[in-house]
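Chemist:
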Amino acid sequence: MPTGYVHGALIDMYHVGGGAPWIFPLFQERTGIVLAVGSSDIPSPKTWTDDERAQVDSFFRQYKAKPDAAAKRKFSTISGKEVPGAEVWRKFISEGWKTWKITDSITRVLTQKRFHPIILMQYSSRPDVWPEADTYIPQVMDDIAIELFGEEALDGLGRLKDSLHSSVKVLIQRTWISIYNKYSKAKATVKAYEEEATRALENVSEDCGEDAVRDIIAKISKWKAACEVIQSKSANAKLQDAETRLRGVINAVSSKPRASSGEALGDSSPDHDKDDLLLLFRDLTETTPIEEAVSLENQQPAMVIDFRDESSPCDPGMEVEYCMDIITLHRVLGHHPKGVNKIFLPDHFLPYRHSAGLTPHDSQYAHLFEEETAATHPDMKQFSLHWHQVAGVHSIIRNLFYETQHPDNFSGVLVADDVGLGKTCQAIAVIHFISNAIFLAKRNQPLAPILGERPFLGSSEYISDLPSLVLVPGSVLAQWTNEVHRTLTVDGYDVFTYPIPAQSHKGFWARDAPFRKSKKDPCRRIIIASHSSLTLDFNLLYSKKANDSDEGLPWEGLRTLPNFKENVKGTLFRQDYLTVVLDEAHEFRNFGSKHNAALRILQQSAARLIMTATPLQTSTRDISAMGRLVGIRYFMTAESLQTDNFEQAEVKRLRKNLAPDHDPLSDDVDPARQYCSKVAKSKQKYFKDHILRRTVDSVDNKNNRLIDIPPYKTIVVPLKLQERETAILDQLHLQSKDSVSQSNSMHGIPNSNFYLPYRMGACCPRLSPKDPIPKFRTKEEWDAGKFTKFDVCAKLIKHLLKRDDAPEIVVQDGKVKFPRLTNEQKAKPVSRTRKILIYQEFPCLGSLLRNVLKLYGIVCVHIDGDTTLDDRTKRVHAFRTDAKVRVLIFSRIGASGINLPEADTIIYVDQAWSGQEMRQARGRCHRQPQKKVVRCYHLLAENTADIILYGLALGKEEMMTAFLTKETGQDMLTLLTGHTIDQDDRTLSERSVAGKQKAIAQEGDVNAKADSTSTKQKQKQHFPASQDVQLAPLPPPPGDDDEYVPSSREPSPPLKQPKKARKSKKTDKDITSSQPSQIMPAPLDAVNIRAAVPDHASSSRRSQHTSRSSDAFNIIRFTASHSGIRTVISRAIAAAEAAEEGEE
């Protein structure tokens, strides 16, 4: 692939583009250098001297004078001795290329537009052949130009200006080459790790010791992380086989009988934890795949809008409900009293919940949920919905269903409630309400009274008998599944988890797979899938049309890929859905395949719930994106897009005029923020009747706060680690630095797998996970070789457990001080009721933490992913009821579904990977019926990933600046935000072909490997470290052919009106393919809500519907008899039998 050089391309762009790209505002913001259009000035940083500026100016003029492109390319590589300005310019561009994040930006666009070479290889018939850049770069040049330079670089047709083509092509080619070089290196790394792990597995047996197994786990972990980078199907298949074999070895070794000290409460002894190997395996291998990874930047919204109409006394969406009492709401929704206390609940909602999160979907615990047992069992509590949850469900249903049929009706609602208001439970209730309407109508049973008033779902008279789909982030897939199991009865619904790996998707739909074998009606099946699974399926089927003359809006112009009809059978797009719930919808706000995937799947639904607590994340464009997902037609128009573009340009102009020292996190007057708030308010009108937005300060129909719990308090504890700990962490960072940078450069997003050993090392510094976790038998041994975070954690717990009014700790210079009691406090009676939760990200270190707590005399229980349900129940019960058990350690996976409001303190001994996981952990105790202020202690090691992850989660930029004083910390900030640290300037600038320079570079690589080998040989046995790391002495360690019936076989077809639609007239207004239309065809098994509503209602039901006039029920009498629905069902059964015969 012939190409030029970056510094030459930018000179060329400067000459042909009249000062480009430094005349473009976006590139000016990126580089800090501003040139006026038509200016004769050269781009120069303030650090240049007058001599350097003159030298570069001379270099520019000589370059321009060359006769042709070949001569200019050759001249751009001229020696600095001959033309001094050439070397000054090359150095400037070489350094700037990295700080300006050009490679990162281009890589991000290649990934979003599905033109990344690794993605192309995945879907190629020749997956081992590197894609030819010249074939694909022209198709993505316009998008990359917009990313780098903004729309000012485009012509009147919205394409890159012709004069800039060759220069921009060079920039992309350099990135393509960079990716190839790193891919080649990563591929060689995968091969080396594969051979290393394979040899180790071949030499291991079930009789081997734990040290040998730990060594193999560490090797498999490195292999897995490397495989994540290259995304090779063949490499992943070998890895999965190796993991299966290793799991068998671990189970055999762990099952060997051992001596035990017999800890109470089913908790294993910290000295003999037989599950250490399995937990280490899970922590290092059962990780988030790269396709499920999300950016750690912009986790906190930069702007907030409440969507409240200042003239209205109620929250958006509560215009009707705010004056209705909870009993009325229940009755209108068709809910009935359940349990001994006659609590109103929807049909098929479980009336009881187990305190340890057990569900009847696990057959061994089904007996606990029988009425006779549940009513008296101490661990079972009756479940009820709060007023705001029932009111929320009523609001959603009221806005999904219509009184009359009209083509402009659409069935979508934005559920933008604050965190903690129970959006998940409301979504489950809405799914049940709609599916239950189908279920009851097919059986000629009475429907909910509200459907008598509003029989039309969107524009359709018919509702099809279809499954529902819930789309959630992969990190909460298990929590969502557990919540559905805790809410719905076993006989009511079948719940299916859609697999994350792409190779498992087709098997989900196989004839002999559980989903197809389910005996439940389609409307009684719920599929829960991850965001990444949706995007993977979409990218298998669709792509963006390239450079079509009729291409308009960013979400239009899709085309089907080859083998669409065959491939679609193994994806989520193979069929339509009754209800689609899109949780954390703000992750789909940006243009690209994710946004298009969501629009497409929502188009195949009868009803859509778009859920996010932060509809406005970083830009007012986010509101427009939410509007498109909801189905609001205005936001699908060119007018909306043009308005967004104008508003964005205005925001950039206002921000450009801000003072250089302006702090965006301060409360100072910010014209840009004020303008954004004004714009956001102007968009509210389009969401009327299709938004539900309550906050923690909202009130119910009795003017009481919705959530009557005190706010939580965050206490950040920055800790200064010991020198020996810091030295090991620095080495761990260096070990993973290149791999992380390689991964970021190829995927544009941080891969958590590479930093696992480092993040574990913040609590227990080891150069490799294969090194055994130490055991300490006495307090003296611990004091001689203690680890800072675990020691502070134990001391903090000891301090807090002394008495409930223990003085707050003081942190100075990275050290924690525990104040003594005042005389006034000493005079008070001692109360010791505090319960403490400890969040631990890595359960494999749990035995060490429990070991330390025991040395400090602290009794604790723990829950992790390996804890059996029986043990979990016992330990949760002990924590809740036993006054001696006041500390519970839990992990993200182990505590799924457990609520512990008995605790009023949570200590994050490990910092969670994302803000979402941090909130999930806090939610274990900061929830109703909590009556105390929950204190959240974050133990953060300075100059480590702890500070960065916490700062990114909360948008605390000033904190990262204060506690990242070392170069190591700055490097990690760069890497954890998905950027790269490129150490090879030649790759990015001149790329000299001189053999001497190449030889020097190769020699440097050889020396580095030799140094690495030497370092490994010098590692110590217990705590490996190089000679410059001094560690305190420690004691010795103790397929089939499936049918396909989607809504269409093309990307965006016009959907027909149902033939039996009433009160609708044909219109010239065509519903275009870009609109997520809600008009569903009427299949044979569809049911007519109006035909299913009973033709009379009891007088008691009328009297209970107090918020409506009695005339509202006249609509019920305006219905057909049940004979019509019987005919529809008979035809559906006959059609289904015929289809089964055809399949056989």
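Residues in the sequence shown are numbered from 1 upward in steps of one, following UniProt numbering. We treat Cβ as the ideally placed atom computed from N, Cα and C, and that holds for glycine. If you're wondering where the values come from, they're calculated on a predicted model, not measured in any experiment.
1) According to the Cβ coordinates, are residue 937 and residue 717 closer than 7 Å?
2) Determine whether the beta carbon atoms of residue 356 and residue 872 lie at a separation below 7 Å.
3) Counting along the chain, where does the alpha helix (DSSP H) carrying residue 925 start and finish?
4) Which residue wins for smallest C-alpha separation from residue 1178, given the options 147, 532, 826, 556?
5) On a Cα-Cα basis, can you pick out the residue from 566, 601, 490 that is closest to residue 529?
6) Using only the alpha-carbon positions, how far apart do residue 249 and residue 201 sit?
7) Can you have a look at residue 822 and say buried or exposed, based on whether 16 or more other CB atoms are within 10 angstroms of its CB?
8) Please confirm whether residue 833 and residue 804 have their CB atoms less than 7 Å apart.
9) Identify the residues that DSSP records as bridge partners of residue 936: which are they?
10) Out of 715, 223, 402, which one is the CA nearest neighbour of residue 238?
11) With a cut-off of 8 Å on the beta carbons, I'd call residue 141 and residue 170 a contact; round off their distance for me.
12) Which residues in the same chain have their Cβ closer than 7 Å to the Cβ of residue 15, if we skip the five residues on either side of it in sequence?
13) Is the region 672-686 in contact with the region 391-400, if contact means three or more CB pairs nearer than 8 Å?
14) Can you give me the C-alpha to C-alpha distance between residue 437 and residue 346, rounded to a whole angstrom?
15) Is residue 157 buried or exposed, if buried means 16 or more other CB atoms sit within 10 Å of its CB?
16) Name the DSSP bridge partner or partners of residue 811?
17) Could you spell out where the beta strand (DSSP E) holding residue 892 opens and where it closes?
18) Starting from the Cα of residue 772, find the closest Cα among 120, 588, 210, 89 and give me that residue.
19) Using a Cβ-Cβ cutoff of less than 7 Å, which residues in the same chain neighbour residue 814 once the five nearest sequence positions on both sides are dropped?
20) What is the rounded straight-line gap between the Cα of residue 18 and the Cα of residue 37?
21) DSSP three-state call for residue 577: helix, strand or coil?
22) Buried or exposed: where does residue 646 fall if 16 or more other Cβ atoms within 10 Å of its Cβ makes it buried?
23) Do residue 934 and residue 925 have their CB atoms nearer than 7 Å?
24) Spatial neighbours of residue 592 within its chain, please: CB distance less than 6 Å, with the 5 preceding and 5 following residues excluded, ordered by chain position.
25) Could you compute how far the alpha carbon of residue 611 sits from the alpha carbon of residue 414?
26) Anyone know if the C-beta pair for residue 486 and residue 353 falls short of 7 Å?
27) Distance, Cα to Cα, residue 652 vs residue 390?
28) Please give me, in chain order, every unbroken run of the alpha helix (DSSP H) with length at least 4 that falls completely inside the region 173-261.
29) Tell me whether residue 1041 sits in a helix, a strand or coil according to DSSP, three-state version.
30) Quick one: what's residue 120 bridged to in DSSP?
31) Here's the rule I'm using: 16 or more other beta-carbon atoms within 10 Å means buried, otherwise exposed. How should residue 597 be labelled?
32) Looking at C-alpha atoms only, which residue of 971, 861, 868 is the closest neighbour of residue 884?
33) Taking 6 Å as the cut-off, does the CB of residue 646 come closer than this to any heavy atom belonging to the ligand ZN?
34) Would you report the Cα separation of residue 377 and residue 371, rounded to the nearest angstrom?
35) Taking 7 Å as the limit between beta carbons, can you name the residues of its chain near residue 690, skipping five residues before and five after?
36) By Cβ distance below 6 Å, which residues in the same chain neighbour residue 514 in space, the five residues on each side in sequence not counted?
Modeler: To lay it out plainly:
1) Indexing the sequence shown from 1 puts residue 937 at position 937. Indexing the sequence shown from 1 puts residue 717 at position 717. Yes, the Cβ-Cβ distance between residue 937 and residue 717 is below 7 Å.
2) Taking the first residue of the sequence shown as position 1, residue 356 is located at position 356. Taking the first residue of the sequence shown as position 1, residue 872 is located at position 872. Going by C-beta atoms, residue 356 is nearer than 7 Å to residue 872.
3) Reading the sequence shown from its first residue, position 925 is the one you call residue 925. Where residue 925 is concerned, there is no enclosing alpha helix (DSSP H), given that its DSSP letter is neither H nor E.
4) Lying outside 1 to 1144, the shown extent of the chain, residue 1178 is not represented and no answer is given.
5) Residue mapping note: residue 529 aligns to position 529 of the sequence shown, counting from 1. Out of 566, 601, 490, 601 has the C-alpha closest to the C-alpha of residue 529.
6) As a first step, residue 249 is located in the sequence shown; it is residue number 249 there, counting from the start. As a first step, residue 201 is located in the sequence shown; it is residue number 201 there, counting from the start. Distance between the alpha carbons of residue 249 and residue 201 is about 9 Å.
7) Walking along the sequence shown from the start, residue 822 turns up at place 822. Under this definition residue 822 is an exposed residue.
8) The residue you call residue 833 lines up with position 833 of the sequence shown. The residue you call residue 804 lines up with position 804 of the sequence shown. Yes, they are a contact pair.
9) On the sequence shown, position 936 is the one that residue 936 refers to. DSSP lists 714, 906 as partners of residue 936.
10) In the sequence shown, counting from the first residue as 1, residue 238 sits at position 238. Selected option, being the one with the closest Cα: 223.
11) Numbered from 1 along the sequence shown, position 141 holds the residue referred to as residue 141. Numbered from 1 along the sequence shown, position 170 holds the residue referred to as residue 170. Not a contact, Cβ separation roughly 11 Å.
12) For the purposes of this step, residue 15 is identified with residue 15 of the sequence shown, where counting begins at 1. Correct list, in chain order: 64.
13) no
14) In the sequence shown, counting from the first residue as 1, residue 437 sits at position 437. In the sequence shown, counting from the first residue as 1, residue 346 sits at position 346. Their Cα atoms are separated by approximately 12 Å.
15) The residue you call residue 157 lines up with position 157 of the sequence shown. With fewer than 16 Cβ atoms within 10 Å of its Cβ, residue 157 is classed as exposed.
16) Within the sequence shown, residue 811 is the residue found at index 811, counting from 1. 816, per the DSSP bridge assignment.
17) For this step, residue 892 is matched to residue 892 along the sequence shown. Taken as a continuous stretch (DSSP letters only), residue 892 belongs to no beta strand (DSSP E), as it is neither H nor E.
18) The count along the sequence shown starts at 1 and reaches residue 772 at position 772. Of the candidates 120, 588, 210, 89, the one whose C-alpha sits nearest the C-alpha of residue 772 is 210.
19) Within the sequence shown, residue 814 is the residue found at index 814, counting from 1. Contacts found: 718, 719, 720, 942.
20) For the purposes of this step, residue 18 is taken as the residue at position 18 of the sequence shown. For the purposes of this step, residue 37 is taken as the residue at position 37 of the sequence shown. Taking the straight line from one Cα to the other gives about 6 Å.
21) As a position in the sequence shown, residue 577 is number 577, starting the count at 1. Three-state result, residue 577: strand.
22) Taking the sequence shown and counting its residues from 1, one reaches residue 646 at position 646. Exposed is the call here.
23) As a working note, residue 934 is residue 934 in the sequence shown. As a working note, residue 925 is residue 925 in the sequence shown. Yes, these two residues count as a Cβ contact at 7 Å.
24) Position 592 of the sequence shown, counted from the start, is the residue given in the question as residue 592. Excluding positions up to five away in sequence, the list reads 112.
25) Here residue 611 is taken as the residue at index 611 of the sequence shown, counted from 1. Here residue 414 is taken as the residue at index 414 of the sequence shown, counted from 1. Taking the straight line joining both Cα atoms gives about 6 Å.
26) Along the sequence shown, one-based indexing puts residue 486 at 486. Along the sequence shown, one-based indexing puts residue 353 at 353. For residue 486 and residue 353, yes; Cβs fall inside 7 Å.
27) Taking the sequence shown and counting its residues from 1, the one referred to as residue 652 is at position 652. Taking the sequence shown and counting its residues from 1, the one referred to as residue 390 is at position 390. Taking the straight line joining both Cα atoms gives about 43 Å.
28) 210-230, 233-254
29) Mapped onto the sequence shown, residue 1041 falls at position 1041. In this prediction, residue 1041 has a pLDDT of 38, which is less than 50 and means its spatial position is unreliable; what the coordinates show is noted afterwards. Residue 1041 falls in the coil class under three-state DSSP.
30) As a first step, residue 120 is located in the sequence shown; it is residue number 120 there, counting from the start. BP columns for residue 120 are empty, so no partner.
31) Locating residue 597 in the sequence shown gives position 597, where the first residue counts as 1. Its Cβ being crowded by 16 or more others within 10 Å, residue 597 is buried.
32) As a first step, residue 884 must be located in the sequence shown, where it is residue number 884. The shortest Cα separation from residue 884 among 971, 861, 868 belongs to 861.
33) With respect to small molecules bound, the structure shown includes none, and the ligand ZN cannot be examined in it.
34) As a working mapping, residue 377 is identified with position 377 in the sequence shown. As a working mapping, residue 371 is identified with position 371 in the sequence shown. In a straight line, the C-alpha of residue 377 is about 10 Å away from that of residue 371.
35) Mapped onto the sequence shown, residue 690 falls at position 690. If we look at residue 690 and ignore the five residues flanking it on each side, its Cβ neighbours are 399, 412, 413, 414, 630, 632.
36) The residue labelled residue 514 in the question sits at position 514 within the sequence shown. Same-chain partners within the cutoff: there are none.
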